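Below is one structure, written out as structure tokens; comments come after it.
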Ligand code: AMP
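In the numbering used here, the protein residues as written are 77 to 290.
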């Protein structure tokens, strides 16, 4: 099963994507995670991506599309995958559709996790990420056992540069301009499914499972 998660930054699509990956035993592919891993490892790709990410903008399509297409051609993607944070622009979606078509394949579901902007700003300012393993928390909704410390690896938790309020506003603007049009794109492709992302995390997941099938 090939699934795309759509939704504003902070809508909870990453959390849902991880749960989908675990339930349906398919890889969770987050372009944001791939960029962050590259930044941490000091690669050339990471250096190119960092300035765009810190400013709340999108990494250019020339960099992002090739990276994602390489990833979905890897062996673990044979039975499908859940894409989290890709596509984010119409050219990215068109490149994906074309690449899949060449393999005789297509996306099964594009799940839009719908959350209004006000909720997003509130949620993201409380987000904390681990510097060590990348695990994410929320100071109210998903707090670590010990404040400021990762439950998984014990390293420090920080507010990511791209989760800072001024960056979040910019990211939302970028979302509305460049990513929201994908909702219509996938509606036309006949694969769009919508869920109410303001609900409790488990309720949102159940709504998604109802769509994808148990
Ligand atoms: P995320 O973890 O999905 O919120 O992504 C964090 C940041 O990585 C975004 O704000 C972008 O700067 C960059 N990024 C992730 N995915 C993409 C993409 N598909 N296209 C362009 N930039 C991306």
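Glycine included, each C-beta is placed from N, C-alpha and C at the ideal position.
Please read these numbers as outputs of a predicted model, since none were measured by experiment.
### First through last residue of the beta strand (DSSP E) which encompasses residue 271
268-272
### Three or more C-beta pairs below 8 Å linking the segment 119-127 and the segment 220-236
no
### Query
How many Å lie between residue 165 and residue 228 at the Cα?
33 Å
### Message
Are there any heavy atoms of the ligand AMP lying less than 7 Å away from the beta-carbon of residue 200, as far as the coordinates show?
### Response
no
### Task
Give, in chain order, every unbroken run of the beta strand (DSSP E) that is at least 3 residues long and sits entirely within the segment 234-272.
268-272
### Message
Using a Cβ-based criterion (distance less than 7 Å to any ligand heavy atom), does residue 203 qualify as near the ligand AMP?
### Response
no
### Query
residue 191: buried (16+ other C-beta within 10 angstroms of its C-beta) or exposed?
buried
### Query
Looking at the structure shown, is residue 218 part of a helix, part of a strand, or coil, going by DSSP?
Residue 218 falls in the strand class under three-state DSSP.
#### Entry: Residues near residue 269 in its chain [Cβ-Cβ closer than 6 Å; skip 5 each side]
185, 187 and 287
### Those runs of the alpha helix (DSSP H) which lie wholly inside the segment 178-211 and span at least 4 residues
193-201
### Query
Under the three-state reduction of DSSP, which class applies to residue 227: helix, strand or coil?
coil
#### Entry: For residue 78, the residue or residues it bridges with in DSSP
157
### Query
Is it the case that the CB of residue 238 approaches a heavy atom of the ligand AMP more closely than 7 Å?
Flag set: Cβ of residue 238 near the ligand AMP.
### Task
Please find out if some non-hydrogen atom of the ligand AMP comes closer than 7 Å to the beta-carbon of residue 247.
yes
### Message
Using the three-state DSSP reduction, which class does residue 105 fall into: helix, strand or coil?
### Response
Strand.
### Residues sharing a beta bridge with residue 232, DSSP
DSSP output for residue 232 lists 225 as bridge partner(s).
### Query
How long is the line joining the alpha carbons of residue 167 and residue 173, rounded to whole angstroms?
Rounded to whole angstroms, residue 167 to residue 173 spans 10 Å at the Cα level.
### Query
With which residues is residue 213 paired in a DSSP beta bridge?
204
### Query
Around the Cβ of residue 217, are there at least 16 other Cβ atoms within 10 angstroms (buried) or fewer (exposed)?
exposed
### Query
What's the C-alpha gap between residue 251 and residue 175?
24 Å
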